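The next block holds one structure in the form of structure tokens; read it before the comments.
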Amino acid sequence: MVKDILAISGYSGLFKLVSQAKNSIIVESLVDGKRMPAYATSKISALEDISMYKMDGDILLGEVFCEIFDKDLDIDPKSDAKGLKEGFKQVVPDYDDDRVYVSDIKKVFAWYRLLKDKDIINAESVAAYKADLAKNEDEEEA
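Numbering (our numbering), first residue to last: 5 to 146.
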């Protein structure tokens, strides 16, 4: 679901990893489909590696997206701070209010909307992500 999806500092939107070159990676914008190189000097974050603070640990961004999908929420990322916080509290009731900023919540809802519009987040991908997550938890317990 969020595998090979990247956020690049300084650029709006999200990018899909296309290939790797000698000293860069080639990414494709999910917004307009244009391809470009992203160099090691750019701050690149893989969505699958991003997590958000909770009171008792953290939660992976993919899990947050699954919760939004399961609850069928469509919160406008341009909502006011109070609306964004209330919406996020429906998704992650025990998120750490001191360490998760409104700007973070805004990005989560904006990214979710983009991924859902591009059909990257759908019932099949959410089910596959949950199954993969459960499999990884079982392997860690063994």
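The beta carbon of each residue, even a glycine, is placed where N, CA and C say it ideally should be.
Bear in mind the structure is a predicted one, so any value in this text is a computation, not a measurement.
Between the alpha carbons of Ser-83 and Ser-28, how many angstroms are there, rounded? 36 Å
Between the CA atoms of Ala-50 and Ser-13 - distance to the nearest angstrom: 11 Å
Which runs of the alpha helix (DSSP H) at least 4 residues long sit entirely within the stretch 74 to 143? Give them in chain order. 85 to 95 and 106 to 121
According to DSSP, simplified to helix, strand and coil, what is Gly-61? strand
Rounded distance between the beta-carbons of Tyr-99 and Lys-58, thought under 8 Å: 6 Å
Does the Cβ of Gly-37 have 16 or more other Cβ atoms within 10 Å, making it buried, or fewer, making it exposed? exposed
For Lys-20, report the span of its beta strand (DSSP E) as first-last. 19 to 24
Is it buried or exposed for Ser-23, if we count other Cβ within 10 angstroms and need 16 for buried? exposed
Going by C-alpha distance, which of Val-68, Ser-46, Asp-62 and Ile-63 is nearest Trp-115? Val-68
Closest residue to Leu-64 among Phe-19, Val-112 and Lys-75 (Cα-Cα distance): Val-112
Please classify Gly-87 as buried or exposed, where buried requires at least 16 neighbouring CB atoms within 10 angstroms. exposed
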